[in-house]
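Asks:
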Amino acid sequence: MWQTLTRWYHQWGSPRYFFQYSGVLLPWLWPLAVLTLVVGVVWGLAFAPADYQQGNSYRIIFIHVPAASAALLGYIAMGVAGLVGLVWRMKMADIMIKAIAPFGAVLAAIALITGAIWGKPTWGTYWVWDARLTSMLLMLFLYLGVFALMNAIPDPRQAGRAASLLSVVGVINVVIVKYSVEWWQSLHQGSTLKVVGESAMPSEMLAPLLISMLGIYLFFACTVLMRARTEIMVRERKSQWLREVLR
Amino acid sequence: MHFESFEAFLQMGKHGAYVWSAYGISFVLVGLNVALAVRAQRQAKEDVKRFARREMADANKS
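Residue numbers (the numbering used here), protein chains in the order written: chain E, 1 to 247; chain S, 248 to 309.
1. Is the shortest distance between the beta-carbon of E/PRO121 and the beta-carbons of chain S less than 8 Å?
2. Residues of chain E with CB closer than 7 Å to the CB of S/LEU276, please, in chain order.
3. Would you say E/GLY160 faces chain S, with C-beta separation under 8 Å as the test?
4. Grouping DSSP H, G and I as helix and E and B as strand, with all else coil, what is E/GLY55?
5. Does any C-beta atom of chain S lie closer than 8 Å to the C-beta of E/PHE220?
6. Take E/ASP51 and list the residues in its own chain whose beta-carbon comes closer than 7 Å to its own, dropping the five residues that flank it on each side.
7. Label E/ALA111 either buried or exposed according to how many other C-beta atoms from any shown protein chain fall within 10 Å of its C-beta, with 16 as the threshold for buried.
8. Pull up the CB-CB distance for E/LEU225 and E/SER22, whole angstroms please, since I reckon it's below 8 Å.
9. What are the boundary residues of the alpha helix (DSSP H) that includes S/ALA284?
10. Are the C-beta atoms of S/VAL305 and some chain E residue less than 8 Å apart?
11. Quick check on E/THR114 - is its C-beta less than 8 Å from some C-beta in chain S?
12. Flag this pair as touching only if the region 161-169 of chain E and the region 111-130 of chain E have three or more C-beta atom pairs under 8 Å; answer yes or no.
13. So the alpha helix (DSSP H) E/LEU138 belongs to, where does it begin and stop?
14. Taking one C-beta from the region 32-48 of chain E and one from the region 101-111 of chain E each time, how about it: are there three or more such pairs within less than 8 Å?
15. If the cut is a Cβ gap below 8 Å, which residues of chain E does S/GLY260 touch?
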């Protein structure tokens, strides 16, 4: 098990191996991601029952929760890549950070915007400065900060180190976002999904939500692989192997 | 199907404007993001090829 993991780590840590196998994976992963997302969202919008308190406005959940949870997971992934980059100076780690940040920022923005739109009919306001909303806004800024560092510093190694540091430190905020609704009084409702124990949702609503979440995760993975491939092409443009693969 | 008609589906009770604007904005943001990523990838691929061609030309000259 451990040997497989280390071999895997070294293989995918090589830009050449990564480029080759992500290229094999993506033509399958893209359609799968889009299909899963469409099934989940259409099911949630048109087929799931209405909520007995919130009516149909709750259908925003099928984009809001998947986007928010993918933004959190993406940030954790970025933090892990940052740690790997700082400790082992791995090339691919910096590339992964650069690949994760843009779509992570988009997902955080979607979570905030759809949440605000949902808040109006449900709470009577678009925005409150409570712990959940504020920490999520901070997450958007952290993503944008990592993105900016990666693109503003001309030397890729320095850019990688600065962005890695911000990625690692920002993971603390993921914990704050996650538990903010339990630690502080908040307008935001508690978690709908629970890893352990029963979820606070009937299965006719839960099924499309879980499918949408899976769809967003896959979609996120596709954009990350794609951006990582782009970055490999930029950094390895003088390499002979890349020219041969692209020919 | 939860809704009785397509109009009811669009109206979402009285929450149509909220639900559809949330999905619309999300769709646009995701679409823009993917479009930018596709463009960057195409650009990078072109650059690799151009770089290779130029090196080839330089090698032939000398």
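Glycine included, every Cβ here is placed at the ideal spot set by N, Cα and C.
Replies: This is what the structure gives:
1. Yes, because at least one Cβ of chain S sits closer than 8 Å to the Cβ of E/PRO121.
2. One finds VAL106, ALA109, ILE110 in chain E with Cβ atoms closer than 7 Å to the Cβ of S/LEU276, taken in chain order.
3. No - not a single Cβ of chain S is within 8 Å of the one on E/GLY160.
4. Note: E/GLY55 maps to strand in three-state DSSP.
5. Not closer than 8 Å to any Cβ of chain S, the Cβ of E/PHE220 fails to qualify, so no.
6. These residues qualify, in order along the chain: TYR58.
7. Counting Cβ neighbours within 10 Å, E/ALA111 comes out buried, since at least 16 surround it.
8. About 4 Å separates the two Cβ atoms, so the contact holds.
9. Where S/ALA284 is concerned, the enclosing alpha helix (DSSP H) starts and stops at 263-308.
10. Strictly speaking, residue 305 of chain S in this sequence is Asp, with Val absent from that position. False, the Cβ-Cβ gap to chain E never drops below 8 Å.
11. It does; some Cβ of chain S falls within 8 Å.
12. No: fewer than three Cβ pairs fall under 8 Å.
13. Counting along the chain, the alpha helix (DSSP H) containing E/LEU138 begins and ends at 131-152.
14. The region 32-48 of chain E makes no contact with the region 101-111 of chain E, as fewer than three CB pairs between them are under 8 Å.
15. Within chain E, the residues near S/GLY260 are ALA50, GLY55, ASN56, SER57.
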